[in-house]
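First to last, the sequence lines map onto chains F and P.
Take the first sequence: its position 3, counted from the start at 1, is 3 in this note's numbering, and no numbers get skipped.
Take the second sequence: its position 30, counted from the start at 1, is 130 in this note's numbering, and no numbers get skipped.
We treat Cβ as the ideally placed atom computed from N, Cα and C, and that holds for glycine.
Quick caveat, the model's predicted, so the values are computed rather than measured.
Input: a single structure, listed below in structure tokens.
Number of protein chains: 2
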Amino acid sequence: MKFHAQVEVTHLPGVLDPQGATVERALPALGYTNVHDVRIGKSIRLTVEAPDAAAAAAQVDEMCRRLLANPVIEAFTVEVVAAEPAAP
Amino acid sequence: MKFHAQVEVTHLPGVLDPQGATVERALPALGYTNVHDVRIGKSIRLTVEAPDAAAAAAQVDEMCRRLLANPVIEAFTVEVVAAEPAAP
């Protein structure tokens, strides 16, 4: 069965985020003076074949730790939804 | 009032995603042969001061079109939630 996974990879609190800081400095020049705490991370979407949602989530979690995120400086969240309705 | 906004910026369908393609090619070497359709975008989180949620969402949408995303090749979604509960 196919599952769609969405992974959000963010910097851990306290880790510098130069991309977010640059965007935050650029916003006032465009007239947006009421925006703070800009943090920019990665959003990863993929499709995985697995027997059930728990197995899919476990595999994506392992993939994040091994390849998609750097656990030393990044946190990640995984959401899994079935790609098609279950057979009746 | 403060609102937290989460923005997901993704490539439009049909636009090449070299970062996602590279990850997809790397996964089988790690033993993950059941993963497809890897797409990597940006996840942006920020805090905005606005009178209400609709005004916050409208401003973030405008910021996406002007700075955070490139509408020619990227799509974006905006989610806004109140940073603190409303006063009683």
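Contact with chain P by residue i, beta-carbon distance below 8 Å
{"i": "F/Asp52", "result": "no"}
{"i": "F/Leu16", "result": "no"}
Residue i: contacting residues in chain P (beta-carbon distance under 8 Å)
{"i": "F/Met63", "result": "Leu127, Leu130, Tyr132 and Val135"}
{"i": "F/Val23", "result": "Ile144, Leu167 and Leu168"}
Chain F contact residues for residue i, given Cβ-Cβ distances below 9 Å
{"i": "P/Val148", "result": "Tyr32, Asn34, Val35 and His36"}
{"i": "P/Thr110", "result": "Ser43 and Arg45"}
Closer than 9 Å at the beta carbon, the chain P residues around residue i
{"i": "F/Glu84", "result": "Per Cβ cutoff of 9 Å: no residues; F/Glu84 is ~14 Å from chain P at best."}
Exposure label - residue i; buried when at least 16 CB within 10 Å
{"i": "P/Thr110", "result": "buried"}
{"i": "P/Val172", "result": "exposed"}
{"i": "P/Ala150", "result": "buried"}
{"i": "P/Val107", "result": "buried"}
{"i": "P/Met126", "result": "The sequence given here has Ala at residue 126 of chain P, not Met. Its Cβ having fewer than 16 others within 10 Å, P/Ala126 is exposed."}
Rounded distance between the beta-carbons of residue j and residue i, thought under 8 Å
{"i": "F/Ala57", "j": "F/Val80", "result": "5 Å"}
{"i": "F/Lys2", "j": "P/Ile140", "result": "About 19 Å separates the two Cβ atoms, so there is no contact after all."}
Any non-hydrogen atom of the ligand MN closer than 7 Å to residue i Cβ
{"i": "F/Val23", "result": "This structure lacks the ligand MN; in fact it carries no ligand of any kind."}
Residue-chain proximity (residue i, chain F), Cβ-Cβ < 8 Å
{"i": "P/Ile173", "result": "no"}
List, from N- to C-terminal side, the alpha helix (DSSP H) runs of 4 residues or more that fit wholly inside the stretch 110–163 of chain P.
DSSP runs (the alpha helix (DSSP H)) wholly in the stretch 110–163 of chain P: 118–126 and 153–163.
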